[in-house]
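Undergrad:
Residue numbers (the working numbering), protein chains in the order written: chain C, 27 to 352; chain H, 27 to 352.
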């Protein structure tokens, strides 16, 4: 209910997910939010199979700029709190939201609880790389983390990379300012030891350039640097578009040349566009909670739903628990 | 002497700098390194005005992978140590090197000393932005910094942005994971207070995406995150080239389209290429010390020399001292 174009865009995403010829089978949707608004939107899709959709009324709305923890405490009848509670109570196998990220993180952690052995849940995001994707955790702004947190991020992101991206025994790199052991801030130096002693496929320190190079399948870092790099990366296509538009105004020939290249460039930008991937899971909670951008398109919402479906099927949480138990 | 193509590429840069029709006047060069190797390279440029070039023999070489502090201590007759000592003793107004970055940082700090009031020198780097450049400090891997260090980085980078880039009273942003005050790691929360109480043109927290947007002319951060973002940014053109090449192999038409766009793309990539800018100054030492990539081309070396020239003329250090004295 709190996204930029709620609930129209979100519901279009649900309809597209249910109708997808490849991945649209095998799940049902509970739409949590203001019943009348949801009903009005659903009425726009008369051919939708309504037996696969139910509505759970939740009158409160957590806005994008609400202070997360306070909003979760005070707005008990919000779609975020109600939806995650339905998941905890077993009425749903997963929860998906493009609403207030902090609120989804807080409500998921409070209501679902953490997987045993995990001290802080993490958000892992995917970056395009020369050879597929690089999974970076934490990008969810877990700041002032301890070395132990970075080890846990590595375990969670490794299971996620293996189960959802199909990277067997994924390589793990520790984000640092140099490749040599002993480099970097105190936290990284200590995390290096924990990772080396673990059963993960740890390949040592990696640097900022290694994310796009794909040197390691999984890159772990404190959420401060991960969040900065994620937001930086998301802003790259915007700068390229601005610069290309500037170039196009330098003359007719320049414009013509760029016109020819549009298709190629669109392809590249698409790979750098989060809408393609939908949301990212909050790893480490006792459940499946998928978080998307507030500006998610229907396509992004659809892909978030597919990701939730896959997280449940691949039993990512059970495998994380297993890895920690080793 | 320790760069990837030393001394050929470095000396070609010197020759190009001295011969530049626009900025090549008003300075002389002392080439510090192995005399015979330098002499042999210089012999390739018979038309060079040798009255503007002298050679200072330094037999030791600090390699790119030498441990910086140890190398500076043990290799007293290296080009880095000898060159910076010549600068300290007044034989040169500035020092330029594309050698081992850590060694140049360490030698500059030990030999030149720090500007009064500066506890840690910083490397500030420029990022392309929609409206010019964003200056980010620290990117030189000053890790485990204190809030006071971030304030000092802001002072030094502001003077640099104003004097070298011509941005009057430049806006300063604190790199963080959210815009709201009180966000982020403890260091950032405390640095926010110092910056707000300062006479700098502080506009508050900025996020990773604001670097390329150009929200603030100066962005300050701990060197760990700054170094990661810098190296990430430097790797973006490489990924784009890889992806575009991949697209070009999808068919004749794709290749043709890309051929047309090559000129436009080259323009964009050039702006993201550090070779264009040459090196970056180590701010906060009692002198002018310009540091370049080990793989610097002659063009990059030339631009480093011009930057050194400008740093001296604009009296950047005196102005930093003034700002701190306020």
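Virtual Cβ for every residue (Gly too), placed ideally from N, Cα, C.
Could you tell me whether the segment 136-150 of chain H touches the segment 300-319 of chain H, using the rule of 3 or more Cβ pairs below 8 Å?
TA: yes
Undergrad: Quick test of the definition: if touching needs 3 or more C-beta pairs under 8 Å, does the segment 130-145 of chain H touch the segment 101-120 of chain H?
TA: yes
Undergrad: Taking the alpha-carbon positions, what's the residue 47/H to residue 41/H distance?
TA: 12 Å
Undergrad: Throw me the rounded Cβ distance for the residue 33/C and residue 59/C pair, which I believe falls under 8 Å.
TA: 6 Å
Undergrad: Based on the DSSP output, what are the partners of residue 86/H in its beta bridges?
TA: 104/H
Undergrad: At which residues does the alpha helix (DSSP H) containing residue 189/H begin and terminate?
TA: Counted as a single uninterrupted DSSP element, the alpha helix (DSSP H) harbouring residue 189/H occupies residues 173-191.
Undergrad: Show which residues of chain H have a CB atom less than 7 Å away from the CB atom of residue 156/C.
TA: Chain H residues near residue 156/C: 265 and 268.
Undergrad: In chain H, what lies closer than 8 Å to residue 230/C by C-beta?
TA: In chain order: nothing, as chain H lies at least about 15 Å away.
Undergrad: So what does DSSP say about residue 55/H, is it helix, strand or coil?
TA: strand
Undergrad: Assess, as a yes-or-no matter, whether the segment 167-180 of chain H is touched by the segment 216-225 of chain H under the definition of 3 or more beta carbon pairs within less than 8 Å.
TA: yes
Undergrad: Relative to the C-alpha of residue 166/H, which residue among 255/H, 185/H and 326/H is closest?
TA: When each option's Cα is compared against that of residue 166/H, the closest is 255/H.
Undergrad: Between which two residues does the beta strand (DSSP E) containing residue 5/H stretch?
TA: Residue 5/H cannot be examined here, being either before or after the span of chain H that is shown, 27 to 352.
Undergrad: Does the CB of residue 167/H have a neighbour CB from chain C at under 8 Å?
TA: yes
Undergrad: Measure from the alpha carbon of residue 211/H to the alpha carbon of each residue in 92/C, 250/C, 111/C and 129/C, then state which is nearest.
TA: 250/C
Undergrad: List in chain order: all unbroken alpha helix (DSSP H) runs of 4+ residues lying wholly within the segment 89-170 of chain H.
TA: 94-100, 105-114 and 127-133
Undergrad: Using only CA atoms, which one of 332/H, 319/H and 350/H lies nearest to residue 27/H?
TA: 319/H
Undergrad: Starting from the C-beta of residue 313/C, find all residues in its chain whose C-beta is less than 8 Å away, skip the five residues before and the five after it, and write them out in chain order.
TA: 110, 113, 114, 120, 121, 134, 138 and 343
Undergrad: When DSSP labels each residue in this structure, what does residue 77/H get in the three-state scheme?
TA: helix
Undergrad: Could you name the residues of the same chain whose beta carbon sits closer than 6 Å to that of residue 178/C, not counting the 5 residues immediately before and after it, in chain order?
TA: 144
Undergrad: For the segment 194-216 of chain H, list every residue whose C-beta sits within 9 Å of some C-beta in chain C, in sequence order.
TA: Listed in sequence order: 201, 202, 203, 204, 206, 209, 210, 211, 212, 213 and 214.
Undergrad: Using a Cβ-Cβ distance under 8 Å, would residue 233/C count as near chain H?
TA: yes
Undergrad: Name the one or two DSSP bridge partners that residue 316/C has.
TA: 122/C and 307/C.
Undergrad: Is the segment 226-238 of chain H touching the segment 269-277 of chain H, taking contact as three or more C-beta pairs under 8 Å?
TA: no
Undergrad: Name, going along the chain, the residues of the segment 270-283 of chain C whose beta-carbon falls closer than 7 Å to a beta-carbon of chain H.
TA: Within the segment 270-283 of chain C, the qualifying residues are 270, 273, 280 and 283.
Undergrad: Quick one: Cα of residue 103/H to Cα of residue 91/H, how far?
TA: One C-alpha to the other measures close to 18 Å.
Undergrad: Taking residue 315/H and residue 79/H to be in contact with their CB atoms under 8 Å, please state how far apart those CB atoms are, rounded to whole angstroms.
TA: Not quite, the Cβ-Cβ distance comes to about 20 Å (not below 8 Å), so this is no contact.
Undergrad: What residues from chain C crowd round residue 294/H, counting only those whose CB sits closer than 8 Å?
TA: 266, 269, 270 and 273, listed in chain order.
Undergrad: In terms of DSSP beta bridges, what is residue 227/C paired with?
TA: 197/C
Undergrad: Determine the burial state of residue 160/C: buried for a count of at least 16 other Cβ atoms within 10 Å of its Cβ, exposed for fewer.
TA: buried
Undergrad: Under 8 Å Cβ to Cβ from residue 346/H, same chain only, skipping five residues before and after it: list those, please.
TA: 141, 144, 181, 182, 185, 309 and 310
Undergrad: Tell me, please, whether the CB atom of residue 253/C is closer than 8 Å to any CB atom in chain H?
TA: Put simply, the CB of residue 253/C is near chain H, with a gap under 8 Å to one of its CB atoms.
Undergrad: Starting from the Cα of residue 224/H, find the closest Cα among 213/H, 198/H, 253/H and 242/H and give me that residue.
TA: 198/H
Undergrad: Answer yes or no: does any C-beta atom of chain H fall closer than 8 Å to that of residue 218/C?
TA: no
Undergrad: What separation, rounded to the nearest whole angstrom, lies between the Cα atoms of residue 285/C and residue 291/H?
TA: So the two alpha carbons sit approximately 13 Å from each other.
Undergrad: Going straight from the alpha carbon of residue 164/C to that of residue 82/C, what length do you get?
TA: If I take the Cα positions, the gap works out to 32 Å.
Undergrad: In the DSSP assignment, what are the bridge partners of residue 244/C?
TA: 161/C and 198/C
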